[in-house]
Amino acid sequence: MTLATKITIARIVLIVPTVVFYIVGMLAYKLYLPFLIVSCVLFALLCSTDFVDGYIARKTGTVSALGKFLDPLADKIVIVVMLFLIVYFRDFELFEYDILVIALLGGLILTRELTVSIFRAIAASKGLVLAADIFGKVKTVLLDVGVAFLILAGVNDVIMWIGEIVFFAGALLTVYSGIRYMVRNKKVLADVSAAGNGTAESSEESAGTEADDAETENAETAVKAEDGGAEE
Numbered sequence: 175m176t177l178a179t180k181i182t183i184a185r186i187v188l189i190v191p192t193v194v195f196y197i198v199g200m201l202a203y204k205l206y207l208p209f210l211i212v213s214c215v216l217f218a219l220l221c222s223t224d225f226v227d228g229y230i231a232r233k234t235g236t237v238s239a240l241g242k243f244l245d246p247l248a249d250k251i252v253i254v255v256m257l258f259l260i261v262y263f264r265d266f267e268l269f270e271y272d273i274l275v276i277a278l279l280g281g282l283i284l285t286r287e288l289t290v291s292i293f294r295a296i297a298a299s300k301g302l303v304l305a306a307d308i309f310g311k312v313k314t315v316l317l318d319v320g321v322a323f324l325i326l327a328g329v330n331d332v333i334m335w336i337g338e339i340v341f342f343a344g345a346l347l348t349v350y351s352g353i354r355y356m357v358r359n360k361k362v363l364a365d366v367s368a369a370g371n372g373t374a375e376s377s378e379e380s381a382g383t384e385a386d387d388a389e390t391e392n393a394e395t396a397v398k399a400e401d402g403g404a405e406e
């Protein structure tokens with residue numbers, strides 16, 4: 175396992191104390207603010223180091239398929255987990271059905287990231303490159319900032335409103351950037367699908383060839399057996 179991949183896994187592990195401090199802060203009234211601040215700091219640390227593992231992997235030439243798959247997910251996993259807890263513990267007032275909207279957007283975010291990460295890993299394994307754009311980076315920043323504000327939403331209404339607005343903007347941009355990503359890389363995605371079909375066809379041809387060889391061998395054996403019987 176490469177150093178970059180270890181850092182990525184460490185970032186994923188850091189999700190645990192981030193979540194624990196938030197839950198304790200929401201349940202322990204007297205420790206409310208200190209624990210939420212610690213949770214917010216850990217969340218910010220986790221998100222701000224997102225570039226470190228990728229930079230080390232490129233710098234040391236140790237880019238791996240596992241790292242490419244886990245790195246984009248680390249930040250999104252903590253966002254979805256924290257979002258679930260925020261929705262569970264708080265009653266937002268931006269929209270009448272805002273909790274349902276936030277939960278739905280959280281599901282869309284996770285679906286988008288999983289889909290893109292899977293395609294990216296498959297493409298990388300076949301030597302293909304999926305081009306990224308500025309929208310992906312902007313939506314990540316918006317989601318990170320939005321969730322950070324939502325963690326501290328109980329401090330005052332201004333922080334809550336900023337968090338909700340920034341998060342919703344990031345979530346909508348996530349959906350848009352996902353669609354844009356697929357459209358921009360449709361040719362590469364088509365090549366990946368074609369390569370997959372080619373592999374399947376090759377496997378079928380190989381299996382057919384092996385079956386034909388086996389039948390030929392059996393026929394030759396039968397002929398030899400008949401010849402042997404005739405000689406006797």
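Residue numbers (the numbering used here): 175 to 406. The beta-carbon is built from N, C-alpha and C at its ideal position, and this holds for glycine as well.
Problem set entry | Reference Val444, options Tyr350, Ala184, Met200 and Thr179, closest by Cα | Because the chain in this structure spans residues 175 to 406, residue 444 falls outside the shown range and cannot be described.
Exercise. Should Lys361 be counted as a contact of the ligand NAP given a C-beta to heavy atom distance under 7 Å?
Worked result: In the structure shown, the ligand NAP is absent, as is every other ligand, since no ligand is present at all.
Problem set entry | Pick from Arg294, Leu177 and Thr314 that is closest to Ala231, judged by C-alpha positions | Leu177
Exercise. Excluding five sequence neighbours on each side, which residues of the same chain lie with their C-beta closer than 7 Å to the C-beta of Pro191?
Worked result: The residues are Leu216.
For this session: Would you mind working out which of Ile283, Cys214, Asp318 and Thr179 sits nearest Val193, comparing C-alpha positions?
Result: Cys214
Exercise. Between the Cα of Val329 and the Cα atoms of Leu259, Gly235 and Gly199, which residue gives the shortest distance?
Worked result: Gly199
For this session: Look at the alpha carbon of Ala184 and the alpha carbon of Val332, and state the distance between them as a whole number of angstroms.
Result: Using only the alpha carbons, I get a separation of about 33 Å.
Problem set entry | Enclosing alpha helix (DSSP H) for Ser238 [first to last residue] | Careful: Ser238 lies outside any alpha helix (DSSP H) and carries neither H nor E.
Problem set entry | Reference Phe258, options Leu278, Asp245 and Gly301, closest by Cα | Leu278
Problem set entry | Whole-angstrom distance between Phe195 and Ile239, CA atom to CA atom | According to the sequence provided, residue 239 is Ala. The question's Ile does not apply to it. In a straight line, the C-alpha of Ala239 is about 32 Å away from that of Phe195.
For this session: Report all residues from its chain with a CB closer than 8 Å to the CB of Gly352; omit the five preceding and five following residues, and keep chain order.
Result: Within the same chain, Gly352 has close Cβ partners Arg286, Thr289 and Val290.
For this session: Grab the span of the alpha helix (DSSP H) containing Asp331 for me, first residue to last.
Result: Asp331 to Arg358
Problem set entry | Counted within 10 angstroms of its Cβ, other Cβ atoms place Gly301 as buried (16 or more) or exposed | exposed
For this session: Please report how far the alpha carbon of Asp227 lies from the alpha carbon of Leu317, in whole angstroms.
Result: 20 Å
Exercise. What is the residue span of the alpha helix (DSSP H) that Thr223 lies within?
Worked result: Per DSSP, Thr223 belongs to no alpha helix (DSSP H) and is neither H nor E.
Exercise. What is the DSSP secondary structure of Leu282, counted as helix, strand or coil?
Worked result: helix
Exercise. In chain order, what residues of the same chain have a beta carbon less than 6 Å from the beta carbon of Leu188, not counting five sequence neighbours either side?
Worked result: Leu220
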